[in-house]
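Student: When you read off a place in the sequence shown, starting at 1, and then add 566, the result is the number in this note's numbering. Just so it is clear, CB atoms sit at the ideal spot from N, CA and C, and this is done for glycine as well. So that we are looking at the same thing, I have put the structure below in structure tokens.
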Amino acid sequence: MNDDPKTFSFLIEEGPPTRLDRALTSLLPEDLEISRSRVSKLIKGGYVSLQGKVITIPKTLVYQDQELAIRVPESRADHIQAEKIDLDIVYEDVEIIVINKPAGMVVHPGAGNHTGTLVNALAYHCGQNLSESSDKVRPGIVHRLDKDTTGLMVVAKTDRAMHSLTKQFSSRTAKRVYHALIKGVPTIPALLVKNINALDFEPGDIFRISANIGRDPSNRKRFSTLGSGGKTAITRFQVMEIFQDRSLSLIKCWLETGRTHQIRVHMEYIGYPIIGDQVYGQGQQNICSTSPQINEIIGGFPRQALHAGQLELIHPKTREKMVFEADLPEDLERLVSIIR
């Protein structure tokens with residue numbers, strides 16, 4: 567491991583006593599992708615302190631209002647391998663580059679994905695012209711899309727752009743719009759029956775989900791909505807088109823926050839999972855319609871039907887408002903055309 571660790575400090579908020587390794591795994595930034603087993607190793611290695619005292623036992627209980635600190639050595643290769651991979655470039659200048667990411671492409675190198683990522687492609691296309699102000703293993707990366715989610719991403723080429731864009735995303739002035747094909751048709755009467763406390767209705771037939779998200783206590787590879795703890799997560803969505811005897815619908819989603827798997831988790835939470843989602847699909851995804859042919863097509867769609875179709879931001883240098891759009895990718899457009 568690298569000898570130049572990054573320190574993270576936390577204050578334990580209200581809740582029952584929790585194991586130290588479990589608490590740290592849920593508190594650390596999601597984009598670090600640090601497993602509980604690695605957290606345990608860091609604790610045993612003397613990288614964690616509780617109330618200013620080094621603790622080396624992962625099962626130590628932590629309580630409300632206690633202060634935690636952890637030093638996380640960066641685990642990375644000495645350099646990013648530049649790879650000549652085709653990119654769908656929507657816009658580029660000296661400060662930023664906007665990419666339309668395809669399905670199947672991981673954003674940055676990590677466990678099991680050291681090559682073939684967007685960062686590898688950017689390293690070839692941009693050379694040294696990518697900001698490393700936040701992370702050398704993720705140069706230029708301001709926000710992410712899941713491997714099988716398609717659509718728009720902005721990348722910072724300069725430190726000024728990184729600072730500006732990071733601030734825009736954290737303050738929620740950068741806006742993202744997604745499109746998703748979901749199972750069922752959300753309606754106010756149907757959702758009122760479900761009596762979901764975290765769901766509100768807004769003018770214009772807009773639904774607002776406000777449910778905290780954190781790692782699923784029973785499956786660390788998933789995220790889930792949490793009654794207490796987790797991070798604030800807010801998604802708005804609107805039904806745009808209804809298909810096949812009201813068994814499927816196309817929705818437009820606005821992200822107010824940007825948690826890992828947020829739209830996927832929230833749509834599963836209210837009972838309308840995204841088609842093709844192998845993690846948050848609630849099972850039996852192929853049973854959607856009264857048409858056997860449509861069920862077969864839906865069941866065979868190999869990824870979550872989710873696309874980041876619009877991105878709005880302020881240019882880091884010119885301060886100009888910029889809006890980028892990307893049509894549905896070919897596979898999702900074909901699926902929508904078939905069921906229409």
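Verify whether the separation of the beta carbon atoms of residue 869 and residue 746 is less than 8 Å.
Tutor: Contact: no.
Student: Decide if the stretch 705-723 is in contact with the stretch 748-764; the criterion is three or more beta carbon pairs, one per stretch, under 8 Å apart.
Tutor: Not touching, per the Cβ criterion.
Student: Quick one: grab the DSSP three-state call for residue 625.
Tutor: Residue state, collapsed to three classes: coil.
Student: Assign residue 643 to buried or exposed, taking buried as 16 or more other Cβ atoms, counted over all protein chains shown, within 10 Å of its Cβ.
Tutor: For residue 643, the predicted structure reports a pLDDT of 42, less than 50, and the residue's modelled location is therefore unreliable. A value from the coordinates is still provided. It counts as exposed.
Student: With respect to the beta strand (DSSP E) encompassing residue 587, which residues constitute its N-terminal and C-terminal limits?
Tutor: Careful: residue 587 lies outside any beta strand (DSSP E), inside the alpha helix (DSSP H) at 586-593.
Student: Work out the CA separation of residue 648 and residue 688 for me, nearest whole Å.
Tutor: Cα to Cα, residue 688 sits roughly 7 Å from residue 648.
Student: What does residue 667 pair with, by DSSP beta-bridge criteria?
Tutor: According to DSSP, residue 667 bridges with 717.
Student: Please go through the same chain and pick out, in chain order, the residues whose beta-carbon is closer than 8 Å to the beta-carbon of residue 624, but skip the five residues on each side of it.
Tutor: Excluding residues within five positions, the ones whose Cβ falls inside 8 Å are 585, 586, 587, 605, 606, 609 and 610.
Student: For a test of the three-state rule: what should DSSP assign to residue 642, helix, strand or coil?
Tutor: Low local confidence applies: a pLDDT of 46 at residue 642 is under 50, so the model's placement there is unreliable, and no value is given.
Student: Rounding to the nearest angstrom, what Cα-Cα distance links residue 654 and residue 895 in this structure?
Tutor: For residue 654 and residue 895, the distance between alpha carbons rounds to 12 Å.
Student: Considering just the uninterrupted stretch of the alpha helix (DSSP H) at residue 602, what are its terminal residues?
Tutor: From DSSP, the alpha helix (DSSP H) with residue 602 extends over 602-610.
Student: If I measure Cβ to Cβ from residue 906 and keep anything under 7 Å in the same chain, skipping five residues before and after, which residues do I get?
Tutor: Excluding residues within five positions, the ones whose Cβ falls inside 7 Å are 809.
Student: Taking the straight line between their C-alpha atoms, what separation do you get for residue 782 and residue 762?
Tutor: If I take the Cα positions, the gap works out to 19 Å.
Student: For residue 803, count the other beta carbons within 10 Å of its own beta carbon; 16 or more makes it buried, fewer makes it exposed. Which is it?
Tutor: Burial call: buried.
Student: Ordered along the chain, which non-local residues of its own chain (more than five positions away) have a Cβ less than 7 Å from that of residue 582?
Tutor: Here the set comprises nothing.
Student: With burial defined as no fewer than 16 other Cβ atoms inside 10 Å of the residue's Cβ, what is the status of residue 801: buried or exposed?
Tutor: Classification for residue 801: buried.
Student: Identify every run of the alpha helix (DSSP H) within the stretch 882-906, keeping only runs that are complete inside it and at least 4 residues long; order them along the chain.
Tutor: Fully enclosed alpha helix (DSSP H) runs of 4 or longer: 896-905.
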